[in-house]
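Novice:
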Amino acid sequence: MSTFLPYLVSALAEIVGCYLAWPWLRHGGSIWLLGVA
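Using our numbering, read the sequence shown as starting at 4 and increasing by one per residue.
1. Could you give the DSSP three-state label for residue 5: helix, strand or coil?
2. Three-state secondary structure (DSSP) at residue 31?
3. Going straight from the alpha carbon of residue 19 to that of residue 29, what length do you get?
What follows is the structure in structure tokens.
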């Protein structure tokens with residue numbers, strides 16, 4: 004059970020990060036700044 008929480012948090016962070024990157028790029032965000040982040 005102790006390894007489940009970090010796994011869940013990292014999975015949610017990855018999903019949210021990928022979801023937020025898509026609208027940002029669609030509205031003219033720079034791909035270079037996305038790579039640095």
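Cβ coordinates follow ideal geometry from the N, Cα and C atoms, glycine included.
Specialist: Checking against the coordinates, here is how it stands:
1. Taking the sequence shown and counting its residues from 1, the one referred to as residue 5 is at position 2. Reduced to three states, the DSSP call for residue 5 is coil.
2. Your numbering for residue 31 matches position 28 in the sequence shown. The answer is coil: DSSP assigns residue 31 none of H, G, I, E or B.
3. Here residue 19 refers to the residue found at position 16 when the sequence shown is read from its first residue. Here residue 29 refers to the residue found at position 26 when the sequence shown is read from its first residue. Distance between the alpha carbons of residue 19 and residue 29 is about 16 angstroms.
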